[in-house]
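Here's the structure, in structure tokens; my notes come after.
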Ligand code: ADP
Ligand code: MG
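In mature numbering (1 follows the signal peptide of the UniProt record, and there is no 0), the protein residues as written are -19 to -1, 1 to 403.
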């Protein structure tokens, strides 16, 4: 995954702080999540399953008032003819937002390469970036508030974890603070985990203060009923979850679409028109496919000009979206049934391609038209009503060839990159 790729980028101000408030307000508003996801959970089994856990937790009462959010909000620069370019949000990741670790190392890689190429001045313009430290700082704060020196931080991971080195950078930042980290899979928690009478989570006799989910965001991550049982056990526990089930659901594409509806941001920021305006300015057009006249209009619009849109199911991890003529094929099949509510429709964002080289192991170097996506990491910790910390902890730039509509680094399409400011 070594990448040397340079890109000119205008850095706009985006506020992960506001995004954190928004995610937290959604977490608190059970009615909103219920309304927003009502149609989706009738057809999407995975979201329905997560929602069932969310409901069970609300019924029992949350056993932990500390909330830890490590989010990454992703943007592309929309540059249409005659319009001023603006950053539009692609999505927000509230679970397992990755590459905070590796993107802490890429500035040095690119600086080194630029120096070797005799371009000292450019090498000095690569921004410092250390999301790993910031993400770990928030985890450490949550662990400290949990209040037990013996407690460990669990990284909940997959069996075969290709992205382990990304995670390790965050992990080592915690070890530096003398916080003990263990890596567990769902099955480990299922076999060796239990709650005591105060709902404290113990795995193999170790008390768990924080669970950081780097797994559990897609159906395949739940390999058996045991995985679901383990997720429920952790959600019910007093360990701080990153994210807890409600915050996980707040990051679904359906919620993103509902937030773009008129009046919805105002519900969360009733006295802050400026915040509403700033957040809304980053939204691209997002359209419902719920049954009814509004959803019917979305279907006709998409069928008439599919190249203008992206059709998105409620999935994470890249490679799931539908583009171009395939949008028509899918919509023709589902347009008369509730199945269409598993998707949302989004305006396609149009960045101007930049000619550049993408370097990947095993692929020949060739110049291609490249598009970039900027991720901004936000880390927050709340305790009850207090926002204890809420900061922007760094960025991620991913660049891919414009031949590919979809797909990130893990999907084998994009490469890790750095903004080079002029
Ligand atoms: P995932 O959860 O799978 O990462 P995303 O919404 O981030 O889903 O979409 C995956 C990729 O598809 C993005 O990284 C981006 O390259 C492309 N993409 C998504 N939405 C749009 C859009 N509205 N316009 C242009 N490209 C998009
Ligand atoms: Mg994405």
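Cβ atoms here follow ideal geometry from the backbone N, Cα and C, with glycine treated the same way.
For residue i, name the three-state secondary structure that DSSP assigns.
i	result
residue 239	helix
residue 10	coil
residue 202	helix
residue 320	helix
residue 91	helix
residue 106	coil
residue 399	strand
residue 55	strand
residue 363	strand
residue -8	Residue placement at residue -8 is poorly supported in this model, since its pLDDT is 42, which falls under 50; the coordinates still yield a value, given next. In the structure shown, residue -8 sits in coil (DSSP, three-state: anything other than H, G, I, E or B).
residue 183	strand
residue 140	coil
residue 282	helix
residue 327	strand
residue 344	coil
residue 70	strand
residue 86	coil
residue 376	strand
residue 272	coil
residue 394	coil
residue 112	helix
residue 219	coil
residue 293	strand
residue 382	strand
Cβ of residue i within 8 Å of Cβ of residue j?
i	j	result
residue 86	residue 104	no
residue 127	residue 221	yes
residue -4	residue 373	yes
residue 292	residue 324	yes
residue 98	residue 154	no
residue 149	residue 121	no
residue 227	residue 8	yes
residue 147	residue 82	yes
residue 56	residue 355	yes
residue 433	residue 170	An answer regarding residue 433 cannot be provided, because it is not within the stretch -19 to 403 covered by the chain.
residue 24	residue 319	yes
residue 216	residue 34	yes
residue 270	residue 326	yes
residue 218	residue 44	yes
residue 20	residue 322	yes
residue 196	residue 375	no
Among the options, which residue has its Cα nearest to the Cα of residue i?
i	options	result
residue 194	181, 183, 211, 185	211
residue 403	37, 102, 82	102
residue 408	187, 218, 199	A query on residue 408 cannot be resolved here, the shown segment of the chain reaching from -19 to 403 and no further.
residue 213	401, 343, 30	30
residue 237	215, 223, 268	268
residue 380	261, 235, 36, 84	84
residue 290	276, 266, 239	266
residue 353	240, 42, 69, 63	69
residue 229	296, 160, 133, 371	296
residue 160	252, 129, 172, 231	129
residue 382	313, 347, 192	347
residue 124	264, 156, 392, 13	156
residue 168	209, 178, 371	209
residue 192	13, 173, 223	223
Between the alpha carbons of residue i and residue j, how many angstroms are there, rounded?
i	j	result
residue 136	residue 349	37 Å
residue -12	residue 108	Caution applies to residue -12, whose pLDDT of 38 falls short of 50 and renders its modelled position unreliable; the value that the coordinates give is listed next. Roughly 12 Å separates the two Cα atoms.
residue 119	residue 258	28 Å
residue 166	residue 389	24 Å
residue 301	residue 294	7 Å
residue 298	residue 22	20 Å
residue 385	residue 287	16 Å
residue 278	residue 306	18 Å
residue 106	residue 387	29 Å
residue 395	residue 340	10 Å
residue 400	residue 378	7 Å
residue 235	residue 202	21 Å
residue 190	residue 282	49 Å
residue -2	residue 255	11 Å
residue 397	residue 143	15 Å
residue 40	residue 274	34 Å
residue 410	residue 11	In the structure as shown, the chain starts at -19 and stops at 403, and residue 410 therefore has no counterpart that could be examined.
residue 351	residue 338	8 Å
residue 280	residue 329	15 Å
residue 365	residue 248	20 Å
residue 483	residue 90	Nothing in the structure corresponds to residue 483, since the chain is present only between -19 and 403.
Under the assumption that residue i contacts residue j (Cβ atoms under 8 Å), give the Cβ distance between them as a whole number of angstroms.
i	j	result
residue 332	residue 60	6 Å
residue 112	residue 358	5 Å
residue 188	residue 262	Residue 188 to residue 262, Cβ: 45 Å. No contact.
residue 52	residue 75	5 Å
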